[in-house]
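Each remark here refers to the structure printed beneath this line.
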Amino acid sequence: MQIKGHIFKYGDDINTDVIFPGRYTYVSMSSEELATHALEDLDPLFSKEVRKGDVIVAGKNFGMGSSREQAATSLVACGIGAIIAKSFSRIFFRNAINNGLLVIIQKDVYDIAEKNDLVEIDTENGIIKVNGKVFPFSPYPAHLMDIIEAGGLLNLVKRKLHEGS
Amino acid sequence: MGKEMKKTFVEKVLNGKQGEIVEVSPDFILSHDNTRAIRDKFLKLGIDRIKDNKKPVIVLDHTIPAANEKYASNHKIIREFVNEQGIEYFYDINSKGGICHQVLSEKGFALPGAIILGADSHTTTYGAFGAFSAGIGRSEVAALWAMDSIWLRVPESIKIVIHGKPRPYISAKDIVLYIIGKIKADGALYKSIEFSGNVVEEMSIASRMVLTNMAAEMGAKNAYIMPDKKTLDYVDSIHKKAFIPVYPDEGCDYERVLEFDVSEIEPQVAFPHNVDNVRSIEDAEGIEVNQVLLGTCTNGRLEDLSRAAQVISGRRVSEHVRFLVIPASWEIYRQALKQGILSTLIDAGAVILNSGCGPCLGAHMGILAKGEKVASTSNRNFKGRMGSTEAEIYLVSPETAAATAIEGKIANPRKYL
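Heads up: the protein sequence lines correspond to chains B and U, in order.
Each position in the first sequence, counted from 1, maps to that position plus 171 in the numbering used here.
Each position in the second sequence, counted from 1, maps to that position plus 160 in the numbering used here.
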C-alpha cells in the first residue's frame with residue numbers, strides 16, 4: 172500500500188470528543204455527513220481543507236477517550252490515508268484497523284514534520300518519507316494486515332461467514 | 161514453581177502470555193444506544209441470527225428518554241431488533257434500568273472471572289468484581305454477535321498499590337484523580353491495572369467501581385481488583401451465570417509496581433480540558449460555577465448520593481447554581497428515595513433527574529452554554545464534552561460537588577465535616 176498526501180499536525184492526547192463530538196454520536200449519519208464533523212471541535216477548518224490521502228501526524232495517546240467508532244470512520248470518510256502518532260489510545264487503534272485505516276506508531280516523525288509538508292508512506296517496506304528524511308516503522312502482524320487488506324473487520328468476517336456455506 | 165509459570169490476572173483469564181494474541185469468546189457483550197449502529201453493521205454481514213442471543217446485554221442509557229425524533233427512532237429500531245433476535249437481556253427505559261455499567265453490576269452480569277466486552281470505553285468498571293472487562297468498537301460487537309469470538313492482545317500488567325489512611329471526606333474519586341494526575345492519561349496505555357493495598361481492601365464495592373471506571377482515563381485496557389468476601393456477598397444472590405474467581409499468582413510478572421500513600425491528600429480536582437490536569441483543591445477553591453452534576457457511571461451510586469446529602473443536609477444550594485443529581489440506576493433511585501436522601505437533596509435545592517448518562521456526554525439534560533463552568537462527578541472533562549467548546553468542566557468527588565453546590569464556587573467539603 173502506498174500513501175501520499177499532505178500533513179495535518181496535532182499535539183498530544185487528541186481525544187475522541189474533539190475528533191467526533193458526543194452531540195452527534197447517537198445520530199445515524201451518512202458517510203458524507205460524518206466527514207463534515209471530523210475534528211470539528213479541534214480544527215474547524217480541517218474538514219474543508221482535507222484532501223484524499225492526507226495524513227495526520229500527532230503526539231502521544233491519539234484518540235484517547237470514548238469507544239465511539241465514528242472517531243475513526245469520520246476520518247476515513249473525509250479521506251485521511253493514515254495517522255502517524257507517537258502512541259494511540261487502544262480502542263481508537265482497534266477501531267481504526269477495523270475500518271481499514273492505517274495507524275502507524277512512529278515516534279520521530281512528529282519532530283520534523285509540519286503542517287502541509289508532503290509525506291509518503293510505503294507499507295510493504297515499512298518506511299515513511301518526509302522532508303528528505305526516511306523513517307522506518309514496524310509492519311503490522313499478519314492478523315492485523317488481514318483486516319486492513321480486507322478493507323476492515325466486517326468485510327473479513329463476512330468472507331469467513333460465507334466461506335463455509 | 162519458576163517465575164515463568166506464575167501468571168498475572170489477565171494471563172490467567174485470557175489464557176495466554178503477555179504480548180500474545182488470543183481468540184476470546186466473552187461471557188457477555190454490552191451495547192447501549194449505539195446498538196442501532198451495531199445492528200446496521202451486523203445486518204450488512206448477510207446473516208439473520210446472532211450466534212448466541214444470551215450473550216448480548218443491551219441497556220438504553222445514553223439519551224433517555226429520547227431527546228428528539230432521531231433518538232426516538234434509534235430506540236424504536238433497537239426494540240424491534242431485540243424482539244426479532246429474541247435477545248434475553250434488554251433494559252429499556254423503565255424502572256429496571258439505568259446506566260449500563262450500574263445495571264450490569266447490580267443485575268449480576270459483572271462477575272469474578274467473567275469476560276465482558278462492551279462498546280463503551282468505561283466497560284473497565286466490572287474489574288471491581290474481578291472480571292476481565294474492556295471496551296471495544298461497534299464493528300467488533302457486530303463481529304462478536306456473528307462469530308462469538310474476537311482477537312485480544314494479552315496486556316502487560318501494572319500493579320497499583322494504594323495504602324495509608326485517607327482523611328475524612330476523601331473518597332475513591334479523589335484517590336483515583338490523584339493517581340491519574342501522577343501517571344497521566346497515557347500512564348497505563350494498553351495495560352491491565354491490578355489495584356490493591358489496604359485502602360482498596362477497605363473500600364466498598366461502590367468505591368472500587370470508581371477506581372476501575374476511571375482506569376479508562378489512564379489508557380488501561382482493563383482494571384482488576386481481587387474478589388473478596390464483599391464481592392462474593394454482593395454477587396451471591398444476583399449472579400446471572402456460574403462463575404469461578406480468578407486470582408493472580410503471587411510473584412507474577414508485573415511490568416511496574418506503583419505505590420501511593422494517600423494519607424495526606426486533600427480533595428482533588430481535574431481542571432479543563434484533560435482528566436490528568438489534576439490539582440489539589442486549594443488551587444481550585446473560589447472558581448465560580450454555574451452548574452454542579454452529581455451522578456454518572458463514575459459517581460451516581462447510593463454511597464455517592466448519601467455522602468453528598470450528608471454535606472448539604474440543612475444547607476441551601478447557591479442561587480447561582482443548578483445542582484443536577486442523577487442516580488446511576490432506578491434501583492439506586494428507589495433506595496435513595498426510601499432512605500430520605502433525595503428529599504434532603506431536594507430540600508437543599510437540587511434537581512433530581514431520571515437515571516441515565518444525562519449531560520455527561522453532551523447529548524441532553526443539562527448542556528452548558530458558552531462561558532459556563534461546571535463541577536462534575538463524571539469521568540471526562542474534554543473540551544466540548546458537555547456542550548459548548550467554550551465551557552469548562554472541573555471533575556470532582558461527590559463530597560466536593562455538594563460543597564461547591566452550597567457555595568456556588570469550588571469548595572473544600574472538609575470544612576463541612
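All residues carry an ideal CB built from backbone N, CA and C; glycine is no exception.
Predicted model, so just to flag it, every value in this text is computed and none were measured.
### Message
Under 8 Å, Cβ to Cβ, is there at least one residue of chain U near D214 (chain B)?
### Response
no
#### Entry: 8 Å Cβ cutoff, N373 (chain U) in contact with chain B
no
### Message
Considering only their Cβ atoms, is the gap separating I425 (chain U) from I318 (chain U) smaller than 8 Å?
### Response
no
### Message
Between the segment 206 to 213 of chain U and the segment 289 to 309 of chain U, can you find at least three pairs of beta-carbon atoms closer than 8 Å?
### Response
yes
### Message
By the three-class DSSP mapping on this structure, what secondary structure does Q495 (chain U) have?
### Response
helix
### Opening and closing residue of the alpha helix (DSSP H) in which Q262 (chain U) lies
Here the alpha helix (DSSP H) through Q262 (chain U) covers 260 to 266.
### Message
Could you tell me the alpha carbon to alpha carbon distance between I227 (chain B) and I178 (chain B), rounded to whole angstroms?
### Response
6 Å
### Query
Between A203 (chain B) and chain U, is there a C-beta pair that is closer than 8 Å?
Before going further, note that residue 203 (chain B) is Glu rather than Ala in the sequence given. Not closer than 8 Å to any Cβ of chain U, the Cβ of E203 (chain B) fails to qualify, so no.
### Task
Please confirm if I181 (chain U) has its CB atom under 8 Å from at least one CB of chain B.
yes
### Query
On the three-state DSSP scale, how would you describe S261 (chain B)?
Reading off the sequence shown, one finds Arg at residue 261 (chain B), where the question assumed Ser. The answer is helix: DSSP assigns R261 (chain B) an H, G or I state.
### Query
Which first and last residues belong to the beta strand (DSSP E) in which Y251 (chain U) is found?
249 to 251
### Task
Hey, could you find the ends of the beta strand (DSSP E) E419 (chain U) is sitting in?
416 to 421
### Query
Going by beta carbon distance, what residues of the same chain come within less than 7 Å of V314 (chain U), once the five residues before and after it are set aside?
V170, E171, L174, G176, K177, Q178, G179, E180, V182
### Query
Tell me, which residues are paired with Q428 (chain U) by DSSP?
DSSP output for Q428 (chain U) lists U:S440 as bridge partner(s).
#### Entry: Three-pair Cβ contact test at 8 Å for the segment 255 to 265 of chain U versus the segment 225 to 239 of chain U
Three or more beta-carbon pairs separated by less than 8 Å are not found between the segment 255 to 265 of chain U and the segment 225 to 239 of chain U, which leaves the two stretches without contact.
### Query
For H480 (chain U), does the count of other Cβ atoms within 10 angstroms reach 16, so buried, or fall short, so exposed?
exposed
### Query
Would you say N191 (chain U) and A332 (chain U) are within 8 Å of each other, going by their C-beta atoms?
Here residue 191 (chain U) turns out to be Ser, not Asn, going by the sequence shown. No, these two residues do not count as a Cβ contact at 8 Å.
### Message
Taking 8 Å as the cut-off, does the segment 517 to 532 of chain U touch the segment 410 to 425 of chain U (at least 3 CB pairs, one atom from each stretch)?
### Response
Too few Cβ pairs lie closer than 8 Å, so no.
#### Entry: Contacts of A306 (chain U) in chain B (Cβ-Cβ under 7 Å)
V328, L332
### Message
Helix, strand or coil for D396 (chain U)? Go by DSSP, reduced to three states.
### Response
helix
### Task
Starting from G121 (chain B), follow the alpha helix (DSSP H) in both directions and report where the run begins and ends.
One cannot answer for residue 121 (chain B) here, as it falls past the ends of chain B, which runs 172 to 336.
### Task
Reducing DSSP to helix, strand and coil, say where Y311 (chain B) ends up.
coil
### Task
Return the CA-CA distance between I320 (chain U) and S352 (chain U), expressed in angstroms with no decimal places.
10 Å
### Task
Determine which residues of the segment 285 to 318 of chain U have a Cβ less than 7 Å from any Cβ of chain B, and write them out in chain order.
For chain B, the residues of the segment 285 to 318 of chain U that bring a beta carbon within less than 7 Å of one of its beta carbons are G295, I296, G297, R298, S299, E300, A302, A303, A306, M307, W311, in chain order.
### Burial state of S245 (chain B), where buried means 16 or more other Cβ atoms lie within 10 Å
buried
### Message
If you reduce the DSSP assignment to three classes, tell me which class A248 (chain B) lands in.
### Response
helix
### Task
Using a threshold of 8 Å, state whether the C-beta atoms of G509 (chain U) and I486 (chain U) are closer than that.
No, they are not a contact pair.
### Query
If contact means a Cβ-Cβ distance below 7 Å, which residues of the segment 234 to 264 of chain U contact chain B?
N234
### Task
Determine, using beta carbons only, whether K381 (chain U) comes closer than 8 Å to chain B.
yes
### Query
Going straight from the alpha carbon of G379 (chain U) to that of T196 (chain B), what length do you get?
21 Å
### Query
Is the number of C-beta pairs between the segment 372 to 390 of chain U and the segment 463 to 481 of chain U that are closer than 8 Å three or more?
no
### Task
Taking only beta carbons into account, state which residues of the segment 490 to 515 of chain U come closer than 7 Å to chain B, listed in chain order.
none
### Message
Given this structure, state the Cα-to-Cα distance separating A430 (chain U) from F483 (chain U), to the nearest angstrom.
### Response
A430 (chain U) and F483 (chain U) have their C-alpha atoms some 19 Å from each other.
#### Entry: Per DSSP, the bridge partner or partners of K389 (chain U)
Its beta-bridge partners do not exist; DSSP assigns none.
### Residue closest to G568 (chain U), alpha-carbon to alpha-carbon, out of U:R298, U:V477, U:S185
U:V477
#### Entry: F289 (chain U) beta carbon less than 8 Å from that of A270 (chain U)
yes
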